[in-house]
Amino acid sequence: MIRLLGEPFDPAAEIARFTTDRQDVGGIATFLGRVRDRVGELRIRALTLEHYPGMTERKLAEIEAEARRRWPLQDCLVIHRYGRMEPGEPIVLVATASAHRAAALEACAFLIDWLKTKAPFWKLEETDRGARWVEARESDDAAAARWEKETAG
Amino acid sequence: MKLRYFAWLRQRTGLAEEEVEPPPEVHCVADLKHWLADRHPRFGEVLAAPGVVRCAVDQEYAEDDTPLEGAREVAFFPPVTGG
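Here's what the structure looks like:
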């Protein structure tokens, strides 16, 4: 399931609700991304996430479908914020459920890696020295690329 | 066709979106970029730098040679930084 939210969410409540009515789930892996209060020496006051309405939902659904195709997932949840957030606030929650841990852990890592490089979001940081758009990182591309081999093969 | 601009590219055009009718010689994304460079000089300035301006045609990622025939919506944006 994909949810795109303009308001804060409670990760603990979301995880508690996730697969709560299923007894065949053996393992749940989660990743929670949060707003940091600093990047190196720079203080971060807030982070605003812009996205491309329509395309974002489409890309997130494609990424979820790909995870379900590759791993035997019993359920899958991606919650992503947009709008303005302050340090400590959750940005993204990925949760995967499977009978065994390997599928859940791998699918969770895959989802966050692909989401970072394929979903149309852009981060604007408000810092002590003004606002700046966050640049894409090569390390994120490398993290996403390690899953590409499986597509080719 | 509708054009949309995101993140700092929007600041370069001064517009979030606009409705345009490109001339008939605009067949692909590269042609459209070339045409837009005259329309929005500050956007045009960054088009030449490799990997800076990404594009989507009808909400699918596109390349310079992606055809625009029948396209309803074209978006330009910097590399994505979600998650």
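Top to bottom, those sequences are chains A and B.
For the first sequence, this note's numbering gives the first residue as 1, with consecutive numbering after it.
For the second sequence, this note's numbering gives the first residue as 1001, with consecutive numbering after it.
Backbone N, C-alpha and C fix where the C-beta goes; we use that ideal spot for every residue, glycine too.
Interface residues of chain A facing residue i [CB-CB closer than 7 Å]
i	result
residue 1046 of chain B	Going along chain A, no residue has its Cβ under 7 Å from residue 1046 of chain B, so there is no contact; the nearest lies around 12 Å.
C-beta neighbour in chain B for residue i, strict 8 Å
i	result
residue 115 of chain A	yes
residue 35 of chain A	no
residue 120 of chain A	yes
residue 92 of chain A	yes
residue 129 of chain A	no
residue 80 of chain A	yes
residue 149 of chain A	no
residue 2 of chain A	no
residue 63 of chain A	no
residue 112 of chain A	yes
residue 153 of chain A	Note that residue 153 of chain A has pLDDT 42, beneath the 50 cutoff, so the model's placement of it is unreliable and the number below is only indicative. No, its Cβ sits nowhere closer than 8 Å to a Cβ of chain B.
Cβ of residue i within 8 Å of any chain A Cβ
i	result
residue 1006 of chain B	yes
residue 1079 of chain B	yes
residue 1075 of chain B	yes
residue 1014 of chain B	no
residue 1031 of chain B	no
Three-way DSSP call (helix, strand, coil) for residue i in this model
i	result
residue 110 of chain A	helix
residue 127 of chain A	strand
residue 71 of chain A	coil
residue 133 of chain A	strand
residue 153 of chain A	Residue confidence is low: residue 153 of chain A scores 42 on pLDDT, short of 50, so the model does not pin down where it sits. No coordinate-derived value is stated.
residue 1034 of chain B	helix
residue 81 of chain A	strand
residue 1018 of chain B	strand
residue 1004 of chain B	strand
Chain A contact residues for residue i, given Cβ-Cβ distances below 9 Å
i	result
residue 999 of chain B	Given that chain B is displayed from residue 1001 to residue 1083, the structure contains no residue 999 of chain B and the question cannot be resolved.
Residue i beta carbon near the ligand COA (any heavy atom closer than 7 Å)
i	result
residue 133 of chain A	As presented, the structure is devoid of all ligands, the ligand COA included, so that no description of it is given.
First and last residue of the uninterrupted beta strand (DSSP E) at residue i
i	result
residue 1044 of chain B	That residue, residue 1044 of chain B, is in no beta strand (DSSP E); its alpha helix (DSSP H) goes 1041-1047.
residue 1066 of chain B	Here residue 1066 of chain B belongs to no beta strand (DSSP E), and DSSP marks it neither H nor E.
residue 1055 of chain B	1054-1057
residue 51 of chain A	42-51
residue 29 of chain A	27-34
residue 86 of chain A	Here residue 86 of chain A belongs to no beta strand (DSSP E), and DSSP marks it neither H nor E.
residue 1074 of chain B	1073-1077
residue 3 of chain A	2-5
Alpha helix (DSSP H) segment containing residue i, residue limits
i	result
residue 138 of chain A	138-145
residue 99 of chain A	Unbroken run through residue 99 of chain A: none, as it is neither H nor E.
residue 1012 of chain B	1007-1013
residue 13 of chain A	11-17
Beta-carbon neighbours of residue i, restricted to chain B and to distances below 9 Å
i	result
residue 134 of chain A	1081
Proximal chain B residues relative to residue i, where beta-carbon distance stays under 8 Å
i	result
residue 58 of chain A	1059
Per-residue burial, residue i [other beta carbons within 10 Å of its own, 16 or more giving buried]
i	result
residue 153 of chain A	At residue 153 of chain A, the pLDDT of 42 sits below 50, so the modelled position is not reliable and the matter cannot be decided from this model.
residue 42 of chain A	exposed
residue 139 of chain A	exposed
residue 1068 of chain B	buried
residue 1 of chain A	exposed
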